[in-house]
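**Q** Protein chains in written order, with numbering that gives the first Met the number 0: chain X, 0 to 192; chain Y, 0 to 436.
From the three backbone atoms N, C-alpha and C, an ideal C-beta is built for every residue, glycine too.
Note that this is a predicted model, so its numbers are computed, not measured.
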Amino acid sequence: MEELTLDTLIARIKDKDEKVRTAAWQGAGKVGPDALKPLAAVAKDGELEVSRAANRAMWQIVRYTGRPGAESEKKATVEALLDLLGDDQQPLQLRRDIVWMLSEIIDDAAIDPAGAARYLENPDLREDIRAGLQRVGGPNAVAALKAGLEAAADDFKPSIACGLRALGVDVPNVPCLKLKPTKQTSVKPVGRS
Amino acid sequence: MHRTLPRRTFLAASIGGGALPYLLPEGILAAPGKPGAGQRITVAHIGVGGMGSAHLANMKEFRSQGAVNIAAVCDVDEKRLRGAAASAGPGVMPYRDYRYILERKDVDAVIIATPDHWHAVQCVHACESGKHVYVEKPASVTIAEGKAMVAAARKHNRVVQVGSQARSAKPAHDACTYIRNGMLGTVRKVTCWHDPCPTGGAAPDCPPPSGLDWDLWLGPLRWRPYNPGYGPGTFRWIMESGGGQIRDRGAHVMSIIVWCLDADRQTPVAVHATGSPPAKGLWDCPPRMRVEYTFANPDWQLIWEQPGEARGPGGFGMVFHGDKDTLVVCRDGTRIDAEPKARHFKVPAGGVTVYRMDKYADYNMNHKEDFFQAIKSGKRPCMDIEIGHRVATLCNLGNLSYVLGRKFRWVGQKQEVVGDDQANRLLARPQRHPYHL
């Protein structure tokens, strides 16, 4: 596969030809984390398939730089993603994707428990943040979840508690809701109106 | 020694005639050839779409034989639910939320035919609630989920049968018997061919159709807006849910392969996938794909290809390459079939016989009969969850290698990838609250 530069990657991601776009996002890994911010900008494009190609290119960078032996590339990718996550001007769905991208490659040591706990207060991101911390699962992630539990609204405590329990932490004062049915149907059994 | 009679038996014995039988629910009293209520298994259906409707049809047949009660049907799509309730008939309660079913003490077993991303969570919840489980294949969408299913089945001593019903079908059994009796010699390679994954999902996100509970359909998956390309019937082509052909039909094909080679307990040591992604659309499973699985001790290779080289009709199949001969097993019309040499093979004296439930002509009925007999006997069913998990693991590892764009080594004993932290992170995927393990 032809090696791309940042400029050719961005140009080809916006190409009208789907084959050109696909080849471009597949080659994004080697362009590396410098492309993440420009790709995030393209991902806001009004043309759905262009936006999708840009998003896939971001994922490709995450998967490529997450490979064994690429520690410095991975670190740079994590830094770029954290910057994007912290930018509340970025579209919400993209920020959620970024949380999941980080969950694949961020080292527990790179998690700031207090900072992550603050994200747990963001109603639009909190569930994805909880899941991401749960996936990372090291001491800093656990500390973030514990701090988040303290500050969380009552309706969100069960979610954080589920994350902590999945990591082996006992949370006795918050109920587990997983088996509690909540949704009724309007469909009646046969023979009843 | 006097034996205390179970309550229902006591009631049956004390009825003298007249009006009393009308106070008892139908089926309490045994009749010749028809088990009494004490021997019926009470089942409930979770997911009554495509495969779910087929399972319901089977259960209605079992019900007509007096073998089961159907207590409930459940679906997050009100239209499907209404249809299933009508089909199941009086006395069957419809639900949207499967957790109501799990609360019921009268339900012995659940039949789970929801989209793949729900299988593990519902199976584990069912086991935790004391229910036996028949769960559609693939067992799970991540390695961690599969492990949790096995753990739940064992901890709660529940029978969990995975719906790889070819193990209850004569043609696959013929192939298995033929191969296990050495007719191919030593098999060092199995190659598969399969139609490519379709491409599509071009529409933008939009509100869900009325009557579909999108939150409950998504369940354990992370939140996303509804899209007609990602929902009932189309989830199959989304990696995080359906996982494409390799996890759909692949689960059947790989189950047959490891059964035939008596390799249920063997795990690969290396997995290498390559593939080409779709050029556009929401569907992200690769139309074309090649996965090489390397096994050691005994050494053999499994190669999955989309499309691969077709050696028969019907869109998919497998070829067992032995040092003495080969055998093709493929779809012939609507079912799997093996070559005539396998179909007509008779096990010689002292040869290897392979178990298969053979009570019915319909292998779907056989697979469920095996499940029911496991419940009654306490033995493991023929496609026990541990085997189902191992088969799903093959499918999931193939997709993992494709997604990461790299080969990896696998340690089956530990169920982990060697030296690849990102790959190991992807063996699990935290579920969305409250739809979690």
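At 4 residues or longer, and completely inside the region 315-382 of chain Y: list those alpha helix (DSSP H) runs for me, N to C.
**A** Here the runs fully enclosed are 339-342, 362-376.
**Q** Given that residue 179(X) touches chain Y, what residues does it touch there, using C-beta distances under 8 Å?
**A** In chain order: 98, 433.
**Q** Which residues in the same chain have their Cβ closer than 6 Å to the Cβ of residue 234(Y), if we skip the five residues on either side of it in sequence?
**A** Result list for residue 234(Y): 114, 240, 241, in chain order.
**Q** Runs of 3 residues minimum, wholly inside the region 130-180 of chain Y: which ones carry the beta strand (DSSP E) assignment?
**A** The qualifying runs are 131-134, 159-161.
**Q** Assuming the contact rule is C-beta atoms closer than 8 Å, residue 364(Y) and residue 127(Y) should be a hit. Round their C-beta distance to whole Å, please.
**A** At roughly 29 Å, the Cβ-Cβ gap does not stay under 8 Å, so residue 364(Y) and residue 127(Y) are not in contact.
**Q** Distance check for residue 135(Y) and residue 124(Y), CA to CA, integer angstroms please.
**A** Straight-line Cα distance between these residues: approximately 15 Å.
**Q** Report whether the distance from the Cβ of residue 141(Y) to the nearest heavy atom of the ligand FAD is below 6 Å.
**A** As for the ligand FAD, it is missing from this structure, which has no ligand bound.
**Q** Pull up the distance between the alpha-carbon of residue 216(X) and that of residue 188(Y), whole angstroms please.
**A** There is no way to answer for residue 216(X), as the model of chain X reaches only from 0 to 192.
**Q** Beta carbons nearer than 9 Å to chain Y: which residues of the region 38-49 of chain X have them?
**A** Within the region 38-49 of chain X, the qualifying residues are 47, 48.
**Q** Can you pull out the residues from the region 403-425 of chain Y whose beta carbon lies closer than 8 Å to at least one beta carbon of chain X?
**A** Within the region 403-425 of chain Y, the qualifying residues are 403, 404, 405, 418, 419, 420, 421, 424, 425.
**Q** Is the CB of residue 120(X) under 7 Å away from at least one CB in chain Y?
**A** No, residue 120(X) does not count as interfacial toward chain Y.
**Q** For residue 176(X), go through chain Y and note every residue whose CB falls closer than 9 Å to its CB, in chain order.
**A** Chain Y residues near residue 176(X): 432, 433.
**Q** Could you give the residue range of the alpha helix (DSSP H) that holds residue 7(X)?
**A** Where residue 7(X) is concerned, the enclosing alpha helix (DSSP H) stretches over 5-12.
**Q** Measuring straight from C-alpha to C-alpha, what distance separates residue 437(Y) and residue 398(Y)?
**A** As shown, chain Y starts at 0 and ends at 436. That puts residue 437(Y) outside it, with no answer to give.
**Q** Just to confirm, are residue 271(Y) and residue 406(Y) a CB contact at a threshold of 7 Å?
**A** Contact flag set, yes.
**Q** Using beta carbons (cut-off 7 Å, strictly below), is residue 167(X) in contact with chain Y?
**A** It does not: the Cβ of residue 167(X) has no partner Cβ on chain Y nearer than 7 Å.
**Q** Just by C-beta distance, which residues in the region 82-94 of chain Y are closer than 7 Å to chain X?
**A** Within the region 82-94 of chain Y, the residues whose Cβ lies closer than 7 Å to some Cβ of chain X are 84, 85, 88, 89, 91, 92, 93, 94, listed in chain order.
**Q** Which full runs of the beta strand (DSSP E) of 3+ residues lie inside the region 24-57 of chain X, going along the chain?
**A** Those beta strand (DSSP E) runs which fall completely within the region 24-57 of chain X and span 3+ residues do not exist here.
**Q** On the CB-based measure, 16 or more other CB atoms within 10 Å of its CB, does residue 347(Y) come out buried or exposed?
**A** Residue 347(Y) should be labelled exposed.
**Q** Is it the case that the region 277-288 of chain Y contacts the region 148-155 of chain Y, given that we only count it when at least three CB pairs across the two stretches are under 8 Å?
**A** As far as the Cβ criterion goes, the region 148-155 of chain Y does not touch the region 277-288 of chain Y, which means the pair count is below three.
**Q** Using only CA atoms, which one of 425(Y), 236(Y), 162(Y) lies nearest to residue 195(Y)?
**A** Among 425(Y), 236(Y), 162(Y), the Cα nearest to that of residue 195(Y) is on 236(Y).
**Q** Report the neighbours of residue 183(X) on chain Y: residues whose CB is nearer than 8 Å to its CB, in chain order.
**A** Chain Y residues near residue 183(X): 95, 96.
**Q** Is there a Cβ of chain X sitting closer than 7 Å to that of residue 503(Y), yes or no?
**A** Look at the range of chain Y in this structure, 0 to 436, and you will see that residue 503(Y) is not part of it.
**Q** Can you tell me whether DSSP reads residue 231(Y) as helix, strand or coil?
**A** Residue 231(Y) falls in the coil class under three-state DSSP.
**Q** Is it right to say residue 108(X) is buried, meaning 16 or more other beta carbons lie within 10 angstroms of its own, or is it exposed?
**A** Exposed, since its Cβ has fewer than 16 Cβ neighbours within 10 Å.
**Q** Does any C-beta atom of chain X lie closer than 7 Å to the C-beta of residue 80(Y)?
**A** Answer yes: the Cβ-Cβ gap between residue 80(Y) and chain X drops below 7 Å somewhere.
**Q** In this structure, how does DSSP classify residue 259(Y) when only helix, strand and coil are distinguished?
**A** The answer is helix: DSSP assigns residue 259(Y) an H, G or I state.
**Q** Can you say whether residue 178(X) is buried or exposed, counting buried as having 16 or more other CB atoms within 10 angstroms of its CB?
**A** By the neighbour-count rule (16 or more Cβ atoms within 10 Å), residue 178(X) is not buried but exposed.
**Q** Whose Cβ in chain X lies nearer than 8 Å to the Cβ of residue 128(Y)?
**A** Ordered by position in chain X, the residues that pass the 8 Å Cβ test against residue 128(Y) are 178.
**Q** How about residue 24(Y): is its C-beta nearer than 7 Å to some C-beta of chain X?
**A** At residue 24(Y) the pLDDT is 40, less than 50, meaning the model places this residue with poor confidence and gives no usable figure here.
**Q** Quick check: is the beta carbon of residue 21(X) nearer than 7 Å to any beta carbon in chain Y?
**A** For residue 21(X), the answer is yes, since a Cβ of chain Y falls inside 7 Å of its Cβ.
**Q** Are the region 138-153 of chain X and the region 110-129 of chain X in contact at 8 Å, needing three or more beta carbon pairs?
**A** Yes, the region 138-153 of chain X is in contact with the region 110-129 of chain X.
**Q** Can you tell me whether DSSP reads residue 204(Y) as helix, strand or coil?
**A** Coil.
**Q** Rounded to a whole number of angstroms, what is the C-alpha to C-alpha distance between residue 305(Y) and residue 117(X)?
**A** Roughly 46 Å between the two C-alpha positions.
**Q** Cβ atoms of residue 89(Y) and residue 72(Y): under 7 Å apart, would you say?
**A** Not in contact: residue 72(Y) and residue 89(Y) (Cβ atoms no closer than 7 Å).
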